[in-house]
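Visitor:
Number of protein chains: 4
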Amino acid sequence: MGRAKTIDEVQLFQETEKLILESGYAGFHFKALSERLGVARSTIYNYYSKKEELITAFMVHLLEQVVENMDRASRSDDPVHALIQLWGRYANIHQMMQVMPYIDKEASPKVQKSVEAMFQLLQKMRSKIKDILIEEQQHGSVRDDVPLDTLAGFVMSAVQIPYRHQSEEEWAEEVYKLIRSGLSA
Amino acid sequence: MGRAKTIDEVQLFQETEKLILESGYAGFHFKALSERLGVARSTIYNYYSKKEELITAFMVHLLEQVVENMDRASRSDDPVHALIQLWGRYANIHQMMQVMPYIDKEASPKVQKSVEAMFQLLQKMRSKIKDILIEEQQHGSVRDDVPLDTLAGFVMSAVQIPYRHQSEEEWAEEVYKLIRSGLSA
Amino acid sequence: MGRAKTIDEVQLFQETEKLILESGYAGFHFKALSERLGVARSTIYNYYSKKEELITAFMVHLLEQVVENMDRASRSDDPVHALIQLWGRYANIHQMMQVMPYIDKEASPKVQKSVEAMFQLLQKMRSKIKDILIEEQQHGSVRDDVPLDTLAGFVMSAVQIPYRHQSEEEWAEEVYKLIRSGLSA
Amino acid sequence: MGRAKTIDEVQLFQETEKLILESGYAGFHFKALSERLGVARSTIYNYYSKKEELITAFMVHLLEQVVENMDRASRSDDPVHALIQLWGRYANIHQMMQVMPYIDKEASPKVQKSVEAMFQLLQKMRSKIKDILIEEQQHGSVRDDVPLDTLAGFVMSAVQIPYRHQSEEEWAEEVYKLIRSGLSA
DNA sequence: CATGAATGAGGCTTCATTCAT
DNA sequence: GATGAATGAAGCCTCATTCAT
Numbered sequence: 056m057g058r059a060k061t062i063d064e065v066q067l068f069q070e071t072e073k074l075i076l077e078s079g080y081a082g083f084h085f086k087a088l089s090e091r092l093g094v095a096r097s098t099i100y101n102y103y104s105k106k107e108e109l110i111t112a113f114m115v116h117l118l119e120q121v122v123e124n125m126d127r128a129s130r131s132d133d134p135v136h137a138l139i140q141l142w143g144r145y146a147n148i149h150q151m152m153q154v155m156p157y158i159d160k161e162a163s164p165k166v167q168k169s170v171e172a173m174f175q176l177l178q179k180m181r182s183k184i185k186d187i188l189i190e191e192q193q194h195g196s197v198r199d200d201v202p203l204d205t206l207a208g209f210v211m212s213a214v215q216i217p218y219r220h221q222s223e224e225e226w227a228e229e230v231y232k233l234i235r236s237g238l239s240a
Numbered sequence: 056m057g058r059a060k061t062i063d064e065v066q067l068f069q070e071t072e073k074l075i076l077e078s079g080y081a082g083f084h085f086k087a088l089s090e091r092l093g094v095a096r097s098t099i100y101n102y103y104s105k106k107e108e109l110i111t112a113f114m115v116h117l118l119e120q121v122v123e124n125m126d127r128a129s130r131s132d133d134p135v136h137a138l139i140q141l142w143g144r145y146a147n148i149h150q151m152m153q154v155m156p157y158i159d160k161e162a163s164p165k166v167q168k169s170v171e172a173m174f175q176l177l178q179k180m181r182s183k184i185k186d187i188l189i190e191e192q193q194h195g196s197v198r199d200d201v202p203l204d205t206l207a208g209f210v211m212s213a214v215q216i217p218y219r220h221q222s223e224e225e226w227a228e229e230v231y232k233l234i235r236s237g238l239s240a
Numbered sequence: 056m057g058r059a060k061t062i063d064e065v066q067l068f069q070e071t072e073k074l075i076l077e078s079g080y081a082g083f084h085f086k087a088l089s090e091r092l093g094v095a096r097s098t099i100y101n102y103y104s105k106k107e108e109l110i111t112a113f114m115v116h117l118l119e120q121v122v123e124n125m126d127r128a129s130r131s132d133d134p135v136h137a138l139i140q141l142w143g144r145y146a147n148i149h150q151m152m153q154v155m156p157y158i159d160k161e162a163s164p165k166v167q168k169s170v171e172a173m174f175q176l177l178q179k180m181r182s183k184i185k186d187i188l189i190e191e192q193q194h195g196s197v198r199d200d201v202p203l204d205t206l207a208g209f210v211m212s213a214v215q216i217p218y219r220h221q222s223e224e225e226w227a228e229e230v231y232k233l234i235r236s237g238l239s240a
Numbered sequence: 056m057g058r059a060k061t062i063d064e065v066q067l068f069q070e071t072e073k074l075i076l077e078s079g080y081a082g083f084h085f086k087a088l089s090e091r092l093g094v095a096r097s098t099i100y101n102y103y104s105k106k107e108e109l110i111t112a113f114m115v116h117l118l119e120q121v122v123e124n125m126d127r128a129s130r131s132d133d134p135v136h137a138l139i140q141l142w143g144r145y146a147n148i149h150q151m152m153q154v155m156p157y158i159d160k161e162a163s164p165k166v167q168k169s170v171e172a173m174f175q176l177l178q179k180m181r182s183k184i185k186d187i188l189i190e191e192q193q194h195g196s197v198r199d200d201v202p203l204d205t206l207a208g209f210v211m212s213a214v215q216i217p218y219r220h221q222s223e224e225e226w227a228e229e230v231y232k233l234i235r236s237g238l239s240a
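Protein chains in written order, with the working numbering: chain L, 56 to 240; chain E, 56 to 240; chain S, 56 to 240; chain Z, 56 to 240.
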C-alpha cells in the first residue's frame, strides 16, 4: 500500500547534520536539504512539518546517542579517558549545540517537547560527568581544590580542541594527557 | 535639540556586539540594529554599505584589541596566566568567531579585505600562543610530549569553560590551575 | 474486523456540511475532511476527483431537499408560514450559498453541470416564493404596492434573522409575525 | 525627507473592500491587492505587517462609519426609516461581516485589538437599534409582543434584501414599508 | 548626512492533486 | 477501491538594499 519511500529518517538526519555543520542554523533550509536529498521541498514537510521540528528531533537523537555512550564510558576502567575518546567521536555535538539559542522554542508543541528533552539530556550529561569526577575525587585521583562545576566545564570544553593533523585516537590521547595533568612538564 | 541624530561609531560597534551575542548571525539585522540605535535603517548604509562590511569591520576591531592585549600578556611574568585572564575578559570572542563561517566572504571587496585581516589576526593569536608555549617549554615549565598545536588548542579551548557562579577573577584562577596541572589531585 | 474502511456517501455529505459551516470555503480542505472521516486523503479522490465537484454535488443535494420541502410548504394552508418554518429548519442554506461565489466554476465539466443545476434550483426556489406571494396577492392577503422581487427578497432575508434564545418553533412564530405585519404595533 | 508615498491608506482600504467583496476572505491576498494598487507585494507590508491586520483595521474603520451614521439616524424624525436608508448605503457591511469567522484572531496583538474593537462596535450597533425600538415601543408605534432581540434581528436582516432593479432610494422605501407593516395588504 | 518609501529575492508552509502499490 | 508517498503551485512573510527627497 502506498508507494515506496524515497527517503528515510536516517538519510534525513544524516543530511541535516551535514547541512547544519556546514552552514549553521541560518543556512539550514528545507530548500537546501531537499536538493541534497533529491526530493521536492514539500516532501520533507510530510516528515517534519516545521524546520524546527526536524532540527530539534535530530538533536535529541544525537544527544541520546551520546548519553548512552556516556553510560558505557562511566563503567570503564578510566572513565575520564573514555569520555575524552567519546568527545573525539562526537566532536560535532558542541557545534550542534551552539545552534540551540537560535531555535524558536515556541514554534510548535513538538518543538517544545524536543527542546525540553534536550535540556534534560544535557542535564544528564553534566551530572554524569560530575558523578565520574566525584567518584575519582573519592579515590584521590581528581583534585578537589577547584569547584566541581568548573572541573566539569573543563572536561566538556575539551570537545572544542580542534583536530590538527591527528587521527581521532591520537587526538584523544593527547587531549587526555592535557586534561589529566595540564600543561606542566 | 531636535537636530538630526547622528550615528556614533562607538555605539554602532557596541550594539553590533550585543546584538550578535544575543542573537547570533541569523538574528543580526540592520532592522534590529537601527531600532536599537534609534535611527532609520537606511542611515546605517551611509556608514557601511553592506551587512557583512559592518560585521567584519567590527570583528577586525575586536580581534585587534585582543591581539594588542596578548602582546602585553606575553611580556608578563606568567604569560599563560595572563592569557587565561585575558580569556576571562574576552569570553565572547569565541562566540563571535563562530559567526565567521556564515559570512559571505565575496560580498564586497571591503569584506574580502576585512576577512583577510581577520585571518591574519587569528594567525597572529595562534602564533603568539605558540611562542609563549615554546618559551615555557625551553624553561621546562611546559611539557613537550604533546604537539604544539594541540597544546595551543588546549589553551584556546579554555575560553569555552562557562562562568558558573564566580567572578571573572575566580574563574581565571580556577581555570588557570586546571590548564597548568590538569584534573589530577 | 479490520477490513479497509469504505467511505459512506451519507457521512461524506454530513461532514462536508459541518466543515463548510464551521470553516467556510477557505477552511474546507480534503485534508480536514479525510481526518474527520478517518480515511486517507487520497481516498476521497476515488469518489470526487476535485474539491469543487464534491462541494457542488453536496450543494445540489441540499437545494434539492429544500425545493422538495418548498413544494410541500406551498400546498399547506398558510404557505408563508410554512416557508418561515422551513427557514427555521434550513437556517444554514443561506450560509452555504455564500460559498458559491468562490467556487471555480470552470474547474471541470462535472462542476459546471452541478453549478448549472444549482442555479436552476435557486431559480425554482425564487419562483416558488413568488408563486406563493402572487397567489396570496390575489386573495388580498399580501400587499401589491411593493414589487414582487422585493417581497420575495424580504421573505428570503428572514432566514438571516439569528436564533436568540428560542426554540426553532418559537423563532418561526416570532419571525412569521414580523414578516406578516411588520414592526407596527 | 524620504520619498513621496505612492499609495495611501484611503486607497488601500478602497481596494481592500473591493477585493473582499469580489473574492471573499479566501481570495484576498496581498498579491492580488498589490497588483491592483500597482505596487510590489512587500510594499503593503510596510503598512500592515499581516493580512489580518489590514482586513480587521479596515473593518473597524467601516463599522465606525456606520455607527457614527447610526447616531445621526437615531436623532431623526423616523429613526427606523433612517436606519433602513443607512442599510441602503452600506449594503456591503453584512457581507463584510461574514468574513469575520474566518479571521485568525490570534494572528497578532494588533489583530486582537481590532477584533475586540469590532465586537464592541457591533455591540453598539445592536444596542442602538434596540434603543430606537424601545423608544418607539413607548410611543406605541412598535409592537411589543415579540422579543426585542428578534425585532432587532429583523431590522438588521433587512440589509440582506438584495437590490433588484431599483435605485438605492427606491430600495429603501420599499424595504421600509415591509419592515413597518410586513407583507399584509 | 538622515530619512521614509519601495522593492526583490529568498525562505516558510499548506494544500490539491497525482502516482504506484 | 484504499492508501501512503511525492510533488508543484500558490500564498505568506522578512529582510537587505536602493531611491528620491
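Where is the CB? At the ideal position from N, CA and C, for every residue including glycine. None of these values were measured; they are calculated from a predicted model.
Hey, is I158 (chain Z)'s beta-carbon within less than 7 Å of any beta-carbon in chain S?
Guide: no
Visitor: Please identify the residue among S:A227, S:A81 and S:S212 whose C-alpha is closest to the C-alpha of Q218 (chain S).
Guide: The residue you asked about is not Gln; residue 218 (chain S) is Tyr in the sequence shown. Comparing Cα positions, the closest option is S:A227.
Visitor: Restricting to Cα atoms, I'd like to know which of E:R96, E:E70, E:Q153 and E:S78 is closest to F85 (chain E).
Guide: E:R96
Visitor: Suppose you measure from the CA of F83 (chain S) to the CA of V65 (chain E); what does that come to, to the nearest Å?
Guide: 56 Å
Visitor: Is L76 (chain L) near A87 (chain L), with beta carbons less than 7 Å apart?
Guide: no
Visitor: Determine the direct distance from the alpha carbon of A207 (chain L) to that of S236 (chain E), and round the result to whole angstroms.
Guide: 15 Å
Visitor: What did DSSP end up calling R58 (chain E) once you bin it into helix, strand or coil?
Guide: Residue placement at R58 (chain E) cannot be trusted, given a pLDDT of 46 that sits under 50; what the coordinates show is reported in the next sentence. Three-state DSSP puts R58 (chain E) in coil, outside helix and strand.
Visitor: To the nearest angstrom, how far is it from the Cα of P164 (chain E) to the Cα of M152 (chain E)?
Guide: 20 Å
Visitor: Alpha carbon to alpha carbon, how far is V115 (chain E) from V166 (chain Z)? Give it in angstroms, no decimals.
Guide: 44 Å
Visitor: Mapping DSSP to helix, strand and coil, what is A146 (chain S)?
Guide: Coil.
Visitor: Is there a Cβ of chain E sitting closer than 7 Å to that of Y145 (chain L), yes or no?
Guide: no
Visitor: State the start and end residues of the unbroken alpha helix (DSSP H) segment that holds L67 (chain E).
Guide: E64 to S78
Visitor: Exposed or buried, which one is I99 (chain E) when buried takes at least 16 other CB atoms within 10 Å?
Guide: buried
Visitor: For I169 (chain Z), which residues of its own chain have a beta-carbon under 6 Å away from its beta-carbon, when the five flanking residues on both sides are left out?
Guide: The displayed chain sequence assigns Ser, not Ile, to residue 169 (chain Z). Same-chain partners within the cutoff: T111, A112 and V115.
Visitor: In or out: A59 (chain L) buried (at least 16 other Cβ within 10 Å) or exposed?
Guide: The residue in question, A59 (chain L), is exposed, as its Cβ has fewer than 16 Cβ neighbours within 10 Å.
Visitor: Take the Cβ of M125 (chain Z) as the centre, count every other Cβ of all protein chains shown within 10 Å, and call the residue buried at 16 or more, exposed below.
Guide: buried
Visitor: Is there a C-beta anywhere in chain S that falls below 7 Å from the one on F209 (chain Z)?
Guide: yes
Visitor: Look at the alpha carbon of A137 (chain Z) and the alpha carbon of G93 (chain E), and state the distance between them as a whole number of angstroms.
Guide: 51 Å
Visitor: Go through its chain and collect everything with a Cβ distance to E223 (chain E)'s Cβ below 6 Å, but skip five positions before and after it.
Guide: G143
Visitor: Ignoring anything shorter than 4 residues, give me the alpha helix (DSSP H) runs that lie fully in the stretch 70-127 of chain L, in order along the chain.
Guide: Counting only runs of 4+ residues, the alpha helix (DSSP H) found wholly inside the stretch 70-127 of chain L occupies 85-92 and 96-100, in chain order.
Visitor: Taking C-beta pairs closer than 9 Å, name the residues in chain S that Q153 (chain Z) reaches, listed in chain order.
Guide: Result: G79, Q150 and Q153.
Visitor: What residue from E:V122, E:A146, E:D132 and E:Y157 has the CA that sits closest to K106 (chain E)'s CA?
Guide: E:Y157
Visitor: Who are the near neighbours of H149 (chain S) in its chain, counting only those whose CB is closer than 7 Å to its CB and skipping five residues on each side?
Guide: V214 and Q215
Visitor: Would a C-beta distance cut-off of 7 Å place K185 (chain S) and L203 (chain S) closer than the cut-off?
Guide: yes
Visitor: Looking at S212 (chain L): is its Cβ nearer than 7 Å to the Cβ of S212 (chain E)?
Guide: yes
Visitor: Going along the chain, which residues of its own chain have a beta-carbon closer than 7 Å to the beta-carbon of K179 (chain Z), five neighbours each way excluded?
Guide: Annotation for K179 (chain Z): V122 place their beta carbon closer than 7 Å to its own, counting only its chain and skipping 5 residues before and after.
Visitor: Between Z:S239, Z:H220, Z:G79 and Z:Y231, which has its C-alpha nearest N147 (chain Z)'s C-alpha?
Guide: Z:G79
Visitor: Between the C-alpha atoms of V154 (chain E) and T71 (chain E), what's the straight-line distance to the nearest angstrom?
Guide: 13 Å
Visitor: Note the first and the last residue of the continuous alpha helix (DSSP H) segment covering Y231 (chain L).
Guide: Here the alpha helix (DSSP H) through Y231 (chain L) covers E223 to S236.
Visitor: How would you list, in chain order, the residues of chain S whose beta-carbon sits under 8 Å from the beta-carbon of D240 (chain Z)?
Guide: According to the sequence displayed, residue 240 (chain Z) carries Ala and not Asp. Ordered by position in chain S, the residues that pass the 8 Å Cβ test against A240 (chain Z) are Q192, G195, S196, V197, R198 and D199.
Visitor: For Y157 (chain S), does the three-state DSSP call read helix, strand or coil?
Guide: helix
Visitor: R219 (chain L) versus chain E: which residues are under 8 Å apart at the beta carbon?
Guide: P202, D204, T205 and G208
Visitor: When burial is assigned at 16 or more other CB atoms within 10 Å of the CB, is T205 (chain Z) buried or exposed?
Guide: buried
Visitor: Nearest to E229 (chain S) by CA position, among Z:L141, Z:R198 and Z:L118, is which residue?
Guide: Z:R198
Visitor: Anything in chain Z within Cβ reach of G82 (chain S), meaning under 8 Å, just list it in chain order.
Guide: Those within 8 Å of G82 (chain S) in chain Z are Y157.
Visitor: Looking at chain E, is there any beta carbon in it that lies within less than 7 Å of the beta carbon of S222 (chain L)?
Guide: It does not; no Cβ of chain E falls within 7 Å.
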